[in-house]
Structures are given as structure tokens and as C-alpha cells.
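Protein chains: 2
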Amino acid sequence: MQTATSKASLSVANSAAPYGLRVVENCADCSARQKTLFCRMSVETMRELNMIRQTALYPASAVLFVEGEMPRGLFVLCSGEAKLTAGSKQGEAIILRLVEAGELLGLSSLIAGSSYAATAETLTPAQVAFIPARKFQRFLRTHPDVALRVAEHLSMELHKSWEQARLLALAPSTRSKLAQLLLEWANEHGKTEEEGVCVPFHMTHEEIGRIIGASRETVSRLLSDFKRRRLIRVKGSSVYLVPEELRAAAI
Amino acid sequence: MQTATSKASLSVANSAAPYGLRVVENCADCSARQKTLFCRMSVETMRELNMIRQTALYPASAVLFVEGEMPRGLFVLCSGEAKLTAGSKQGEAIILRLVEAGELLGLSSLIAGSSYAATAETLTPAQVAFIPARKFQRFLRTHPDVALRVAEHLSMELHKSWEQARLLALAPSTRSKLAQLLLEWANEHGKTEEEGVCVPFHMTHEEIGRIIGASRETVSRLLSDFKRRRLIRVKGSSVYLVPEELRAAAI
DNA sequence: CCCGGGCTGTGATGCGCATCACGTTGTTCG
DNA sequence: CGAACAACGTGATGCGCATCACAGCCCGGG
Chain H
346 MQTATSKASL SVANSAAPYG LRVVENCADC SARQKTLFCR MSVETMRELN MIRQTALYPA
406 SAVLFVEGEM PRGLFVLCSG EAKLTAGSKQ GEAIILRLVE AGELLGLSSL IAGSSYAATA
466 ETLTPAQVAF IPARKFQRFL RTHPDVALRV AEHLSMELHK SWEQARLLAL APSTRSKLAQ
526 LLLEWANEHG KTEEEGVCVP FHMTHEEIGR IIGASRETVS RLLSDFKRRR LIRVKGSSVY
586 LVPEELRAAA I
Chain C
346 MQTATSKASL SVANSAAPYG LRVVENCADC SARQKTLFCR MSVETMRELN MIRQTALYPA
406 SAVLFVEGEM PRGLFVLCSG EAKLTAGSKQ GEAIILRLVE AGELLGLSSL IAGSSYAATA
466 ETLTPAQVAF IPARKFQRFL RTHPDVALRV AEHLSMELHK SWEQARLLAL APSTRSKLAQ
526 LLLEWANEHG KTEEEGVCVP FHMTHEEIGR IIGASRETVS RLLSDFKRRR LIRVKGSSVY
586 LVPEELRAAA I
């Protein structure tokens, strides 16, 4: 039943929840749904979708699928975080995109009928719903409006990808790339507090480097420098930052 | 009727063909159609599509749409070549993608209902069909199978974009990026001849630099070097290259 | 025809960042 | 609770490529 491989052992819904996760049994109850492809669906359609999905729980750094495999279905990240990476033969890999709760994994490859262009791996313990390819395709054919929403969704993904390319290619320096990345994160997940914008932060310097195309050491040095200049302040696993000042640093 | 702005003057189908282009009157006769989104459509569907499209001719380096504008329709590049670029405030721009005859321009923004994320500009004289947004949306709603093909198409675009990111980020040197770019072009448009693979070549060193993120001078130097090492040979506006050797150079 | 503007080749110079190297601080286990 | 390992901080060094500078080149237009 399961196509996914995992570094760690695999676990299935309805077992006693491991990894400290609470399992959401029904898509209709899922708080993440509002943000996704499947928002604004009729109750009836929702029920249909609920019928054809299976749920699994994964630990952190579990591999959902690997670049080059053929897709056997669609993954929905119900909770937790994941990353999409692309590797070279020599083993290095870049992070193409971070994926948050409510987002889909592997949609484009499934739709295009081609092999996965990236590897998906969880960053935190995560609940993941799986919809087998056949059933999803039948669902699409019987719900033309959803097909259009899929197209919309893919368009937005494409734009994000271009945005990323712009970030990487147009920034004059690594310093600027890092500053812009922080600002982007602040925009997406930041909460404004009196000290500045607070951003949760569970990513190693190594991984940040793989996003902006820099070495671990450079990321380390730049972050130190940002701290020294009071552009950011680290508290536990959160970063407080002052958007205006940081933007200025992103020459 | 026209939304496009252009550095040069605008011209409309049925006028005496300027820019040395032959005008294709009917989509069904278009040789580029086979490769596109609209291949394998029924004659009837094709006729419908033909009804709602308008054709225009543009000179080289005409701007079809600009980053930030709202899309007013879909462009189909019937003949010629174009590029998609993304710019920074400071005026620099990168080339996100080259677009060939038969491909679509602005599909993702139209579908997503968002403003253009890139600027489209012709590289050669080109014939362009235009389908107004409203009519295209109606067409999509009445042809659910086409909506799915649109999704497929967008998926492939997304994969190309990732492929580009991989090229840029994983290559160890500019030298390698350039070699890989040439190989990619050889794959897509190359014709194998006795001298090696022949690739048509109408792009300045400056523009190549904007694709791989390098300066004009570096591109110049690297190409010279490739010539010296007999990895490529320039003849007129074509490049002959030996894939195997070049691949080796792409350390 | 020759003149001017865009493209191209190639040197000299300097800076940014990868890389190596090593010490320090967490953090997860038996 | 301490061992073992991963993530972090920071110095020294060198290479790659941007940048500046200027000299041929090709082509179209007055």
C-alpha cells in the first residue's frame, strides 16, 4: 500500500500517535485545508476526497519520494514541514523549496506523468495524506473545476520558482541573498512583536547555504555579522529581525 | 484590441507581411501546433480556438508584455523566438527562459489571475496569436480536457524551471554552466552532422551571461577557450560541438 | 564610402567567497 | 552522566570571476 521509503520506520494512521503528533482523521476538520488547493470545495466533494486518501505519520527527515522515481500518487502535507531538493551525481544537493502544512507534494510530476524532478523529505515529524494516482486522476476527470484549481496551483508554484531564480541570480552578493531570504521568511511566517518581526527557525546553516548557494561557513559568518550589526537577534529557536534595517543591508 | 506594447511599431495580420515573415492564417495549418498544448485536439475544437484568436506580427525585440502588468489574454508564439526576463529595480535582468515557436506566453499568470511575473520580448521577428482572457476562460470551462492539458503544460514548465535552478546552483563553475547550457541547446535544437552537432546561434555573449549569471567578458573568454580546445567550432551563426568532449569539460 | 554604434577579444587588478583547519558549543544517546 | 557526534564560530589562504580599460570587428546608414 505504501510507496514511500523512509530512513526511519514507517507508521500508519490509527496507530498510537508517535513523534508527538496529533492525527487529524478527516480532511474536513483539517485546519490547513483553508490554505490549499482543496479550499472552497463542497462538502460532498470533500467527502469523496476523504474516501480515497490514506494517512501516514513520518518522523523528521523521512524521505517521501526520490528524484527519478515514477509518482504513484499525490502527497498532502497535513502537518509539519518538508523540503524539496535536487541533487547532482556528485551527491551535492540544493533545496528547491520549503513545503509547509497544507501544501501538496509531487503534484506536478503526477500531472505531467513524468518521474519526480526532486526529492521530498520531511524536516519535522509530519502527518501526510496519500492519494493513489489512479484515484486522483478519476477524481480530476469527474471534477473539472478541480482540474482548473490544479492549474492555478501549478501556476503559483511556477511563479515561486521564478521568484527564487530572481533571488539567486539578481542579488549582487551572498550577503544580499541571505538578507532577502530572511525577509521572505519574515513575510511568510513572521509575527510582528515589539522587538521586531519574530520568525521560527529550525534550519541549519548548512541547509540555508543549500538554498542560497553558499557554503556553511559563509552563512555562519554573515549571520554573525548581522547579529553584530543588530539587524537580527536570536532567541532560542526564533529570530527577531528589523525588516527596514535588514532591507537596507540587502544592498 | 491590442494589449501589447512594443518598442517598434505594431502590425496586424493580413497586412502585407513585414519583417520577412510568412503569415500562417489557420492554426490547423500551423506546423508548430504538433508540439504544443493544442496538439491532439479534435478538428471541431481546433476550429473553435481558431475563431477566438487574433494574429499579429512583431519585429525583433518587441515587448509583448511587461512584468507587473495584469494579463489580458494568452499569447501563442506561432513563429520566431522570444525570451522571458525578470528584472531588479536597479535595471539588471536575468533571462528566465527562451521560448520557441509553438509555445505559449503568459499562460501561468493568466491562469493564476496574478500580474505577469516576467517580461516577454521577441528575439527575432515573430508571428504571435492572441486569445483574449475572457474567451480563453470560457473555452477552458467548456473543454475540461483542455484544462487538464493546461495543467500538464504548467507542470512541465515548472520542471524546466527547476532544471534551470539545478543548472545554476549545482554547477561548480561558470565554465561548467556554459558547457551545460550549450549541451542543453544541442539537445533541444541540435542537428547531428558529420562535423558534430550543429546548433543555430543568435544570442549575444551578454545575453548568454544573463542566462547563466556571468559577465559578458567571462562568457567571451570561456567560448574562446572552448574554441582553442576544439570543443566547439563557430561557422557563421551556427556552432558545431562535440557533446562527449564538452560534457567532459563540464566538470 | 567612411563613420558610428553594438558586439567581441584580451589584459590587469582586486575582492568575495570557497576551502581547509581547528576549537567550541550544543544535543542525543547508551 | 559522560561519550560521541552534529552543528556552530572564526582564522588563514588562494582561486575564480567581476570589473575596468581599451583595442579590433562587423554591419547598417547617411
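Chains as they are written, first to last, in the numbering used here: chain H, 346 to 596; chain C, 346 to 596.
Cβ coordinates follow ideal geometry from the N, Cα and C atoms, glycine included.
Remember, predicted model here, so these are calculated numbers, not experimental data.
On the DSSP bridge assignment, give the partners of A474/H in chain order.
-> T400/H and V421/H
Cα separation between T350/H and C375/H?
-> Residue confidence is low: T350/H scores 41 on pLDDT, short of 50, so the model does not pin down where it sits. No coordinate-derived value is stated.
Could you spell out the range, first to last residue, of the alpha helix (DSSP H) harbouring E466/H?
-> For E466/H, there is no enclosing alpha helix (DSSP H); the enclosing beta strand (DSSP E) has its first and last residue at T464 to T467.
Consider the Cβ of M501/H: report whether some Cβ of chain C lies at a distance smaller than 7 Å.
-> Using beta-carbon distances, M501/H counts as an interface residue toward chain C, with a partner under 7 Å.
Secondary structure of K480/C, DSSP reduced to three states | helix
Looking only at its own chain, which residues have a Cβ that is under 7 Å from the Cβ of T390/C, when we skip the five neighbours before and after it?
-> H488
Indicate the three-state DSSP secondary structure (helix, strand or coil) for T519/C in the structure shown.
-> helix
When you compare only the Cα positions, how much space is there between T469/C and H498/C?
-> Cα to Cα, the separation comes out at about 24 Å.
CA nearest to the CA of S521/C, picked from A401/C, V584/C, I596/C and A427/C = Selection A401/C, V584/C, I596/C and A427/C evaluated against S521/C yields I596/C as nearest (Cα-Cα).
Euclidean distance between Cα positions of L527/C and I439/C = Distance between L527/C and I439/C, taken at the CA atoms: about 18 Å.
Where I597/H meets chain C, residues with beta-carbon distance less than 8 Å | The question about residue 597/H has no answer here: the residues shown for chain H are numbered 346 through 596.
So A438/H is in the beta strand (DSSP E); what residue range does that whole segment cover?
-> A438 to V444
Between the Cα of Q525/H and those of E590/H, A407/H and G432/H, spot the shortest distance and give me the residue it belongs to.
-> Among E590/H, A407/H and G432/H, the Cα nearest to that of Q525/H belongs to E590/H.
When the cut-off is 7 Å and only beta carbons count, does G413/C lie next to chain H?
-> no
In whole angstroms, what is the alpha-carbon distance linking M548/H and R494/H?
-> Between M548/H and R494/H, the C-alpha separation is close to 31 Å.
Return the first residue and the last residue of the alpha helix (DSSP H) that V587/H is part of.
-> Unbroken run through V587/H: none, as it is neither H nor E.
Which ranges would you report for the beta strand (DSSP E) in the stretch 514–573 of chain C if only whole runs of at least 3 residues count?
-> 536–538 and 541–545
DSSP on R385/H, reduced to helix/strand/coil?
-> coil
Residues of its chain near E540/C, where Cβ-Cβ distance is below 6 Å and the 5 sequence neighbours each way are ignored | Excluding the 5 residues flanking it on each side, E540/C has same chain C-beta neighbours closer than 6 Å at Y585, in chain order.
Identify whether L429/H lies in helix, strand or coil by the three-state DSSP scheme.
-> strand
Does E589/C have its Cβ less than 7 Å from a Cβ in chain H?
-> no
Length of the line joining the Cα atoms of R483/C and L503/C | 25 Å
Compute the Euclidean distance between the alpha carbons of V542/C and R592/C, then round it to the nearest angstrom.
-> 13 Å
Could you check if C384/H is buried or exposed, using at least 16 other CB atoms within 10 Å of its CB as the buried criterion?
-> exposed
DSSP puts I577/C in a beta bridge; with which residues?
-> L586/C
Excluding the 5 residues preceding and the 5 following M415/C in the sequence, name in chain order all residues of the same chain whose CB lies nearer than 6 Å to its CB.
-> S460
Counting only beta-carbon atoms, is I556/H nearer than 7 Å to chain C?
-> With 7 Å as the cut-off, I556/H does not count as an interface residue toward chain C.
Between the Cα of R479/C and those of L394/C, D570/C and L402/C, spot the shortest distance and give me the residue it belongs to.
-> For R479/C, the nearest C-alpha among the options comes from L394/C.
Ignore the nearest five residues each way along the sequence and tell me which others in S454/C's own chain have a CB closer than 7 Å to its CB.
-> P416, S460, Y461 and A462
How about L422/C and V408/C: are their beta carbons less than 7 Å apart?
-> No; because the gap between Cβ atoms is not below 7 Å, this pair is not in contact.
Other residues of its chain near I456/H: CB distance less than 8 Å, five sequence neighbours each side excluded = V495 and L499
Starting from the C-beta of E412/C, find all residues in its chain whose C-beta is less than 6 Å away, skip the five residues before and the five after it, and write them out in chain order.
-> Y461, A463 and T464
List the residues of chain H whose Cβ lies closer than 7 Å to the Cβ of E495/C, in chain order.
-> Note that residue 495/C corresponds to Val in the displayed sequence, not to Glu. Per Cβ cutoff of 7 Å: A496.
Is it right to say R573/H is buried, meaning 16 or more other beta carbons lie within 10 angstroms of its own, or is it exposed?
-> exposed
Opening and closing residue of the beta strand (DSSP E) in which V408/C lies = V408 to F410
Can you pull the chain C residues whose beta carbon is under 8 Å from the beta carbon of W507/H, in chain order?
-> A431, L441, A462, A463 and S506
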